[in-house]
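Participant: By this note's numbering, the letter at position 135 of the sequence shown is numbered 135, and the numbering carries on one by one without gaps.
Just so it is clear, CB atoms sit at the ideal spot from N, CA and C, and this is done for glycine as well.
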Amino acid sequence: MKGLLVSGCAAIGAGAGTMLTLHTESDLDPLHSVISEYAFQATGWLLPASLTLFAAGAALVAEAVRRAGVSRWVVALLLAWAASMFLIGAFPTDRPGVPLSLSGGIHRYAAFAAFLVMPAAGMLLARARIRYAGAVRALSAVALGALLLVVIPYVVRMFGIPLTNDDIPAGLTQRIVVVTEVGVLALAALSLLRPEPVRAAKVAVLQA
Numbered sequence: 001m002k003g004l005l006v007s008g009c010a011a012i013g014a015g016a017g018t019m020l021t022l023h024t025e026s027d028l029d030p031l032h033s034v035i036s037e038y039a040f041q042a043t044g045w046l047l048p049a050s051l052t053l054f055a056a057g058a059a060l061v062a063e064a065v066r067r068a069g070v071s072r073w074v075v076a077l078l079l080a081w082a083a084s085m086f087l088i089g090a091f092p093t094d095r096p097g098v099p100l101s102l103s104g105g106i107h108r109y110a111a112f113a114a115f116l117v118m119p120a121a122g123m124l125l126a127r128a129r130i131r132y133a134g135a136v137r138a139l140s141a142v143a144l145g146a147l148l149l150v151v152i153p154y155v156v157r158m159f160g161i162p163l164t165n166d167d168i169p170a171g172l173t174q175r176i177v178v179v180t181e182v183g184v185l186a187l188a189a190l191s192l193l194r195p196e197p198v199r200a201a202k203v204a205v206l207q208a
């Protein structure tokens, strides 16, 4: 199991480094430009590369979590996040001003699924009182709060209420969600690398 966790952490770290490189090589405003728009930059290929690495890392951590005997719900949620990350990278969003395409639709709904399932997995892990449970719970709560801010502009515009990017900076809120969710994934892996002495009894709360 240790090999799975080490490989998972390496994939997560490589994904984070690739994402950071993508940002430093672009001139987009991170406060107002959503991450998906980076696909149209010269180094846009780094976006699917980063997301695929995150997906691989999540799949490896999910398998380690399964072997550790944690709830199968946590395993399913981590695998759902991994699949969503892969789909987000494989199906790019549409350019601004272009009608929603099939690729853009898959990208959008996969992103929403990913944003939703990781906080749920984090809350379940925190309930099991794993090592770093407090940090996992806090990050999951921040991710849910930021996700609400991501969704609000779409709901408001559905009712015909004008809303500019300056009212709620979409780029900032989206990045908060991504950073906190990757943090939850990383802490989940680290908690199994350095488990609590009585972890086996604690995770029994979530045994399926």
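1) Is Val-177 closer than 8 Å to Phe-112 when the C-beta atoms are compared?
2) Alpha carbons only, please: which of Gly-97, Val-150, Pro-169, Leu-185 is nearest the one belonging to Leu-138?
3) Looking at Ala-126: is its Cβ nearer than 8 Å to the Cβ of Met-85?
4) By the DSSP assignment, the alpha helix (DSSP H) with Ala-82 in it spans what residues?
5) Count the other C-beta atoms from every protein chain shown that fall within 10 angstroms of the C-beta of Gly-3, then say buried if there are 16 or more, exposed otherwise.
6) Cα-Cα, which of Ile-12, Pro-169, Ala-141, Val-142 is closest to Ile-152?
7) Just the Cα atoms here: how many angstroms apart are Met-118 and Val-75?
8) Confirm, please, whether the CB-CB distance from Gly-145 to Asp-29 is below 8 Å.
9) On the three-pair Cβ rule with 8 Å, is the stretch 36-53 touching the stretch 13-24?
10) Assign Val-65 to one of three DSSP states: helix, strand, or coil.
11) Cβ atoms of Ile-88 and His-107: under 8 Å apart, would you say?
12) Looking at the structure shown, is Pro-99 part of a helix, part of a strand, or coil, going by DSSP?
13) For Ala-62 versus Leu-78, is the C-beta distance shorter than 8 Å?
14) Pick helix, strand or coil for Glu-181, following the three-state DSSP scheme.
Facilitator: With the structure as the only source:
1) no
2) First, the amino acid is wrong: residue 138 is Ala here, not Leu. Checked all of Gly-97, Val-150, Pro-169, Leu-185; the closest Cα to Ala-138 is Leu-185.
3) no
4) 72-90
5) exposed
6) Pro-169
7) 11 Å
8) no
9) yes
10) helix
11) yes
12) coil
13) yes
14) helix
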